[in-house]
Amino acid sequence: MNGVEEIEKLQGIGPAIAEKLRSSGYDTLESIAVATPVELSEAAEIGAKTAIQIIRAAREQADMGYEKATEIMERRKSVGHISTGSNNLDEVLGGGVETQAITEIFGEFGSGKTQLAHQLSVNVQLPEEKGGLGGKVLYIDTENTFRPERIGQMARAVGLDPGDALENIYVARAYTTDHQMLLAEKAGELVKENFVKLIVVDALMSLFRTEYCGRGELAERQQKLGRHLATLHKLAELHNLAVFVTNHVQSKPDVFFGDPTRPVGGHVLGHSATARIYLRKSEKGSRVAKLIDHPALPPESARFYICKEGIRD
Ligand code: GTP
Ligand code: MG
Numbered sequence: 071m072n073g074v075e076e077i078e079k080l081q082g083i084g085p086a087i088a089e090k091l092r093s094s095g096y097d098t099l100e101s102i103a104v105a106t107p108v109e110l111s112e113a114a115e116i117g118a119k120t121a122i123q124i125i126r127a128a129r130e131q132a133d134m135g136y137e138k139a140t141e142i143m144e145r146r147k148s149v150g151h152i153s154t155g156s157n158n159l160d161e162v163l164g165g166g167v168e169t170q171a172i173t174e175i176f177g178e179f180g181s182g183k184t185q186l187a188h189q190l191s192v193n194v195q196l197p198e199e200k201g202g203l204g205g206k207v208l209y210i211d212t213e214n215t216f217r218p219e220r221i222g223q224m225a226r227a228v229g230l231d232p233g234d235a236l237e238n239i240y241v242a243r244a245y246t247t248d249h250q251m252l253l254a255e256k257a258g259e260l261v262k263e264n265f266v267k268l269i270v271v272d273a274l275m276s277l278f279r280t281e282y283c284g285r286g287e288l289a290e291r292q293q294k295l296g297r298h299l300a301t302l303h304k305l306a307e308l309h310n311l312a313v314f315v316t317n318h319v320q321s322k323p324d325v326f327f328g329d330p331t332r333p334v335g336g337h338v339l340g341h342s343a344t345a346r347i348y349l350r351k352s353e354k355g356s357r358v359a360k361l362i363d364h365p366a367l368p369p370e371s372a373r374f375y376i377c378k379e380g381i382r383d
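If you're matching positions, the sequence shown starts at 71 in my numbering and goes up one per residue.
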């Protein structure tokens with residue numbers, strides 16, 4: 071991907087449009103080819119027709135068709151892992167939370183979702199040999215539960231300077247679903263310039279749930295949610311970073327066997343997350359995380375604790 075002057079070659083793109091696209095994070099043929107006309111016309115302030123024309127041209131140029139399995143294998147080799155702080159959980163996840171993917175953790179209140187998000191925000195900053203990726207964090211907070219003090223505490227426990235650790239985390243408080251979506255859509259440039267390797271959305275569904283509460287609004291909500299997840303997926307793939315989203319559970323009264331809870335969000339989310347982890351409180355203050363529907367790993371469970379130092383076995 072050497073898109074720098076490539077995108078100017080596309081029919082319909084002059085220097086002014088190219089500049090606008092680039093500043094919104096559309097700086098390669100691939101990123102334009104996978105964009106929707108609406109996204110592109112908003113980013114470059116162009117009409118829908120021009121946007122469609124540009125996307126079509128990018129698709130032709132970008133060679134987006136089939137690829138050999140060996141090429142996929144090659145790309146998979148660059149997948150990175152972020153340690154959760156618990157060896158048990160890392161093992162269940164095949165080495166930690168993966169890049170190029172969305173990992174969803176769901177569980178009831180107080181199960182430790184936000185704590186895990188904090189721990190990953192610290193650990194991603196560590197060098198690879200210590201379970202990190204030497205990268206920074208973008209943290210979208212919809213419930214106002216991000217706590218810098220807790221980051222400081224966890225950072226100290228892994229040998230990072232608390233001040234440095236906080237400098238490396240860009241936090242945005244989202245107030246509406248549109249705001250939440252925009253924060254992700256506009257993230258491209260920040261992500262690229264700052265070597266962001268983790269994007270947290272805590273919690274993914276809470277604003278969607280309050281804004282779209284009626285049955286009649288469900289279709290619209292799911293469509294918007296699908297768009298938001300697609301944006302997150304693109305960021306994960308284009309920048310080889312990990313997306314970690316938290317989710318609540320709702321009770322499912324028609325289930326008699328097994329656990330009568332399920333994550334909020336329905337099918338859209340179920341098919342979008344690459345790994346889903348179900349988290350619950352267990353005996354003696356421990357937490358049990360179970361991997362659900364992973365494409366390549368067995369549905370195993372791991373036990374860990376939330377201690378003063380953070381997440382540990
Ligand atoms: P909701 O967002 O309400 O759905 O919950 P959550 O799953 O995000 O829970 P969260 O991660 O906030 O976990 C809260 C639990 O973490 C608390 O009940 C404590 O047990 C534990 N916890 C939080 N902060 C600390 C801390 O500083 N030290 C220790 N030892 N435990 C903590
Ligand atoms: Mg929380």
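By construction, the Cβ of each residue, glycine as well, lies at the ideal position given by its N, Cα and C atoms.
With a threshold of 16 other CB atoms inside 10 Å of the CB of residue i, please say whether the residue is buried or exposed.
i	result
Val51	Look at the range of the chain in this structure, 71 to 383, and you will see that residue 51 is not part of it.
His189	Residue 189 is actually Gln in this sequence, not His. Buried, by the Cβ-count rule.
Gly166	buried
Glu115	exposed
Asn193	buried
Ser156	buried
Pro85	exposed
Gly333	Sequence inspection shows Pro at residue 333; the Gly mentioned does not correspond to that position. Pro333 should be labelled buried.
Gly258	buried
Phe265	exposed
Lys354	exposed
Thr140	exposed
Ser148	exposed
Is residue i near ligand 1, judged by its Cβ being under 7 Å from some heavy atom?
i	result
Phe179	yes
Thr316	yes
Ile376	yes
Ala273	yes
Arg382	no
Arg220	yes
Hey, is residue i close to ligand 2, as in C-beta under 7 Å from one of its heavy atoms?
i	result
Thr301	no
Glu213	yes
Lys351	no
Lys183	yes
Compare the Cα-Cα distances from residue i to each of the options and report the closest residue.
i	options	result
Ala171	Val228, Lys90, Leu268	Leu268
Asp160	Cys377, Arg373, Glu379	Arg373
Glu213	Phe179, Ser371, Glu307	Phe179
Gln195	Phe176, Arg217, Met224	Met224
Leu274	Leu288, Gly335, Leu311, Leu260	Gly335
Pro368	Arg129, Arg145, Leu163	Leu163
Gly250	Gly201, Leu302, Ala289, Val207	Per the sequence shown, the amino acid found at residue 250 is Gln instead of Gly. Checked all of Gly201, Leu302, Ala289, Val207; the closest Cα to Gln250 is Leu302.
Ser46	Leu295, Asn158, Ala254, Ser93	Residue 46 lies beyond the residue range present for the chain, which begins at 71 and ends at 383; the question has no answer from this structure.
Glu199	Gly150, Asp231, Glu174	Gly150
Ala113	Glu237, Asp97, Ala300, Ala128	Asp97
Asp363	Glu137, Ile175, Ala127, Gln320	Ile175
Per DSSP, which one or two residues make a beta bridge with residue i?
i	result
Ala242	Ile210
Phe173	Looking at the sequence itself, residue 173 is Thr, so the reference to Phe does not match. Answer is Phe314, Ala345.
Cys377	Gly380
Val192	Answer is none; Val192 lacks a bridge partner.
Glu168	His151
Asp272	Asp211
Val385	Any question about residue 385 goes unanswered here, given that the chain covers just 71 to 383.
Arg332	Gln320
Val266	Lys206
Skipping 5 residues on each side, what residues in its chain have a beta carbon closer than 6 Å to that of residue i?
i	result
Asn72	Note on Asn72: pLDDT 45, under 50, position unreliable in the model; the coordinate value appears next. Contacts found: none.
Arg220	His188
Gly204	Pro197
Glu100	Ala132
Val271	Ile210, Val315
Tyr282	Arg291
Ser371	Val358, Lys360
Ser356	Arg373, Tyr375
Gly233	none
Thr120	Gly82
Any heavy atom of ligand 3 closer than 7 Å to the beta-carbon of residue i?
i	result
Ala359	With respect to ligand 3, the structure shown offers nothing to examine, as its ligands consist of ligand 1 and ligand 2.
Under 8 Å, Cβ to Cβ, is there at least one residue of chain B near residue i?
i	result
Thr344	Judged by its chain identifiers, the structure shown contains no chain B, having just a single protein chain.
Sorted by chain position, which residues of the same chain lie with C-beta nearer than 7 Å to residue i's C-beta, five sequence neighbours on each side aside?
i	result
Ala420	Lying before the first or after the last residue shown, residue 420 is absent from the chain, which here runs from 71 to 383.
Note down, in chain order, each residue of its chain lying with its Cβ closer than 8 Å to the Cβ of residue i, except the 5 sequence neighbours on either side.
i	result
Ala366	Gly164
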